[in-house]
Amino acid sequence: MKTTRTTDLLNELSTDDSNIHFKSYITSHADDMSCDNLQDYFNLYFNDHPEFLTADVIKRSNLDRGYAYQILNGRKPHPGKYKLVLLALCAGMNLKEIQRALTISGNAVLYPKFPQDAALIVCINQNCTSAFEVMNFFAENNLDFPE
Numbered sequence: 064m065k066t067t068r069t070t071d072l073l074n075e076l077s078t079d080d081s082n083i084h085f086k087s088y089i090t091s092h093a094d095d096m097s098c099d100n101l102q103d104y105f106n107l108y109f110n111d112h113p114e115f116l117t118a119d120v121i122k123r124s125n126l127d128r129g130y131a132y133q134i135l136n137g138r139k140p141h142p143g144k145y146k147l148v149l150l151a152l153c154a155g156m157n158l159k160e161i162q163r164a165l166t167i168s169g170n171a172v173l174y175p176k177f178p179q180d181a182a183l184i185v186c187i188n189q190n191c192t193s194a195f196e197v198m199n200f201f202a203e204n205n206l207d208f209p210e
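Okay, here's the thing in structure tokens:
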């Protein structure tokens, strides 16, 4: 399977429009490519989403600035599950991207049978972009935000 994908990629790169084909190939096979750590994962994400500035994401997440920067620069490779979710949500990540970040960090993915996880999934799918919005959603639904 990897040999087939390698051959496909080499064929794409041998065309005249190799840059366009390469970007298209990478985008369509993003799930097959893995990052070994959160730092690389966030770096790739922020490179693809320049509209999200790190300082703004951290501010909206309401996380301690030092803690958030440790996550982003790789000094905190295994952050708390819900702190990571807030940071990723405030960076505009979708559910699939957040689940991937959780997996990379060694945390359990969000599981809809857990009320707090289900509430976070709803917040993600409603495109909440700040801890304030998430906390309001939790309060409106009589849920405590997990620590």
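Numbering-wise (our numbering), the sequence shown opens with residue 64 and increments by one.
Ideal Cβ placement from N, Cα and C applies to all residues, glycine included.
Model, not experiment: these values are computed from the prediction.
So what does DSSP say about residue i, is it helix, strand or coil?
i	result
residue 168	helix
residue 115	coil
residue 156	coil
residue 181	helix
residue 138	coil
residue 203	helix
residue 174	coil
residue 143	coil
Taking just the CA atoms, how far does residue j sit from residue i?
i	j	result
residue 134	residue 168	10 Å
residue 191	residue 153	7 Å
residue 141	residue 203	30 Å
Please classify residue i as buried or exposed, where buried requires at least 16 neighbouring CB atoms within 10 angstroms.
i	result
residue 174	exposed
residue 163	buried
residue 123	buried
residue 149	buried
residue 172	exposed
residue 159	exposed
Considering only C-alpha positions, which residue in the set the options is nearest to residue i?
i	options	result
residue 184	200, 195 and 170	200
residue 181	206, 118, 110 and 119	206
residue 121	132, 114 and 112	132
residue 165	147, 179 and 178	147
residue 186	129, 156, 138 and 114	156
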